[in-house]
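See below for the structure under consideration.
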Amino acid sequence: MTKIDQAMVTLKEHGFKKTNKREKLLTFLATKNRYVAAKEVQEYMEGEFGSISFDTIYRNLHDFSEIGLLEETDLNGEMKFRFHCCQDKNHHHHHFICTVCGKTQELDLCPMDFFKGQLPGCTIEGHRFEILGRCADCQ
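One point on numbering: in the working numbering, the residue at position 113 of the sequence shown is 105, and numbering is uninterrupted.
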């Protein structure tokens, strides 16, 4: 089963209908190894299907993120999305993100082990760790 097939099953499990547009949107993001702005997704989708509203694109991106199909980040004040790089929900990792082109690289080391010892009596409910910089191609 491909990543897209798995994603379509996940959509159905969460009450979303399978449509060509949703499949095309997910396929577009799966082919990228970077975070993509909603506007870029809209431009791609309009090239495939004609006029499609920004609100529809953004709502789908947000919904897909909520159910774990997409990852999201705020880069330079703009929300960007990418296909979740690991379908194994138990695989914990972080990313290096290029601030120029948006390419990402997985980082398996998590700094939270260091911080847990500095927070006695606290319950950590989640965290977000990203390293931002320029990739080798954008130097």
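Ideal Cβ placement from N, Cα and C applies to all residues, glycine included.
Note down, in chain order, each residue of its chain lying with its Cβ closer than 8 Å to the Cβ of residue i, except the 5 sequence neighbours on either side.
| i | result |
| --- | --- |
| Cys93 | Arg26, Cys127, Asp129 and Cys130 |
| Phe46 | Ala30, Lys31 and Gln34 |
Using DSSP with H/G/I as helix, E/B as strand and the rest coil, what is residue i?
| i | result |
| --- | --- |
| Met(-7) | coil |
| Phe107 | helix |
| Glu130 | In the sequence as presented, Glu is not what sits at residue 130; that position holds Cys. Reduced to three states, the DSSP call for Cys130 is helix. |
Take residue i and list the residues in its own chain whose beta-carbon comes closer than 7 Å to its own, dropping the five residues that flank it on each side.
| i | result |
| --- | --- |
| Leu17 | Val33, Met37 and Asn52 |
| His84 | Cys102 |
| Phe107 | none |
| Phe20 | Val33 and Tyr36 |
Tell me which same chain residues have a C-beta within less than 6 Å of the C-beta of residue i, skipping the five on either side of it?
| i | result |
| --- | --- |
| Ile89 | Thr96, Glu122 and Leu124 |
So if DSSP puts residue i in a beta bridge, which residue, or which two residues, is it bridged to?
| i | result |
| --- | --- |
| Lys10 | Note: Lys10 sits in no beta bridge, so no partner. |
Quiz item: For the segment -1 to 8 against the segment 37 to 49, are there 3 or more C-beta pairs whose distance is under 8 Å?
Solution: The segment -1 to 8, when compared against the segment 37 to 49, does not touch it at the 8 Å Cβ threshold.
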